[in-house]
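In my numbering, the protein residues as written are -1 to 398. Virtual Cβ for every residue (Gly too), placed ideally from N, Cα, C. See structure below.
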């Protein structure tokens, strides 16, 4: 493969590659080594690590998408890989991502391949990124592969932002109201209770209920805090077990409306990932292994690994999918059609686009439903609290 002036010779697919840089590549390598010496790479790497915890646990998708896109453009323009990486590192200034790119430059200078350098940072570069770069290093076409990766990441970023945007306002309203309600129960109601106690009068039922709730909350506050803290700790520990992981995945997928949205997002992401891999020349069995991890759901991931084993045993992709209820009949039929016609990658893209359009419509509809339902629910609670606090005052005022 030619990427700039660097030539990679491979003896077998997905095997160990032997790199033989050309004279110009060596000159380019020396030039970059002068600018980014090993000591500078390590120094910058650990300096950033101290400040930000590099290797970072997460890099924003839009940042990763921009990196892949810019690297693709530079390589397409004939800039050698090392030079292109150094140009991008220059642009990043003090960002944590810069330290990672410098470390990868250092790795390549010491003889590793690009995909091996990327693989050192699994929390930053997803499996699909590393796998596709590995394919490109063997078969050629790194700029085109990077462009596909960029488009894929951009699509994922848009979907995530759309979901976050749809749920941001309801979350804010809910937690803000919860904060106010806690303030009322623990702070405001006791003060009203002192006022009510100074009058020898019978209180309305609503007021009695609110006072009873407030008194119980204040009386057992330490027990409540202990239960909340121990509950959170126990829940987090449970979620680290295999049973807990499966329980949470099942629970989330069974939530009305939300579970359906998550399923569509998982299927869209899986189909789009597998399509990119197949289009790049990755075999179906290998592609399934990589794409299964992008599901980010243990139920789907487990099913896809079993499907992969079934295909290895000689079954078709569609027949294996039909075994698992997570994959709708429509998806199975479309996959079967794609297998028969030899256009599986196109069919996967059609499925991904279909689910993306459904997601758009569902998210838009969800926003219009959640907000009024939430406001009505919170409004009922607010009216209850206001009536409970002010009915005795109105009653006392009428008596006096």
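Is DSSP giving residue 386 helix, strand or coil here?
-> helix
Between the segment 56 to 72 and the segment 151 to 162, do at least 3 Cβ pairs fall closer than 8 Å?
-> yes
Going by CA-CA distance only, name the one from 185, 180, 358 that's closest to residue 399.
-> Shown here, the chain extends from -1 to 398; a query on residue 399 therefore has no answer.
How about residue 350 and residue 333: are their beta carbons less than 9 Å apart?
-> no
Same chain, Cβ closer than 7 Å to residue 31, five either side skipped, listed in chain order | Caution is warranted here: a pLDDT of 43 is assigned to residue 31, below 50, making its placement in the model unreliable, and no coordinate value can be reported.
Roughly how many angstroms separate the alpha carbons of residue 145 and residue 378, rounded to a whole number?
-> 52 Å
Could you check if residue 119 is buried or exposed, using at least 16 other CB atoms within 10 Å of its CB as the buried criterion?
-> buried
Considering only residues of the same chain and omitting the five flanking positions on each side of residue 308, which have a CB-CB separation below 6 Å?
-> 318
Taking residue 255 and residue 215 to be in contact with their CB atoms under 8 Å, please state how far apart those CB atoms are, rounded to whole angstroms.
-> No, residue 255 and residue 215 are not in contact; Cβ-Cβ is about 32 Å, not under 8 Å.
Simplified DSSP state of residue 323, which is helix, strand or coil | coil
Assign residue 110 to one of three DSSP states: helix, strand, or coil.
-> Here residue 110 sits in coil by DSSP.
DSSP state of residue 200, grouped into three classes?
-> Reduced to three states, the DSSP call for residue 200 is coil.
Cβ shell of residue 1 (< 7 Å), same chain only, five flanking positions each side left out | Residue confidence for residue 1 is low, a pLDDT of 40 falling below 50, so the modelled location carries little weight and cannot support an answer.
Which residues bound the alpha helix (DSSP H) around residue 181?
-> 140 to 181
Out of 197, 260, 217, 187, which has the shortest C-alpha to C-alpha gap to residue 204?
-> 187
How long is the line joining the alpha carbons of residue 270 and residue 150, rounded to whole angstroms?
-> 7 Å
Check residue 247 in the structure and name its three-state DSSP category.
-> helix
Does DSSP put residue 296 in a helix, in a strand, or in coil?
-> helix
Euclidean distance between Cα positions of residue 69 and residue 84 | 10 Å
Alpha carbon to alpha carbon, how far is residue 368 from residue 388? Give it in angstroms, no decimals.
-> About 30 Å.
By the 10 Å Cβ neighbour count, where 16 or more other Cβ atoms means buried, how is residue 100 classified, buried or exposed?
-> Residue environment analysis places residue 100 among the buried positions, since at least 16 neighbouring C-beta atoms fall within 10 angstroms of its C-beta.
Verify whether the separation of the beta carbon atoms of residue 337 and residue 314 is less than 9 Å.
-> The Cβ atoms of residue 337 and residue 314 lie closer than 9 Å to each other.
Extent of the continuous alpha helix (DSSP H) to which residue 64 belongs = 59 to 74
If you check the beta carbons only, do residue 112 and residue 57 fall under 9 Å apart?
-> no
How should residue 228 be labelled, buried or exposed, when 16 other C-beta atoms within 10 angstroms of its C-beta is the threshold for buried?
-> Classification for residue 228: exposed.
Over the uninterrupted alpha helix (DSSP H) stretch that includes residue 220, give me the two end residues.
-> 219 to 237
May I ask you to report which of helix, strand or coil DSSP gives residue 375?
-> helix
Are three or more beta carbon pairs between the segment 275 to 292 and the segment 119 to 130 nearer than 8 Å?
-> Per the Cβ contact rule, the segment 275 to 292 is in contact with the segment 119 to 130 (3 or more Cβ pairs under 8 Å).
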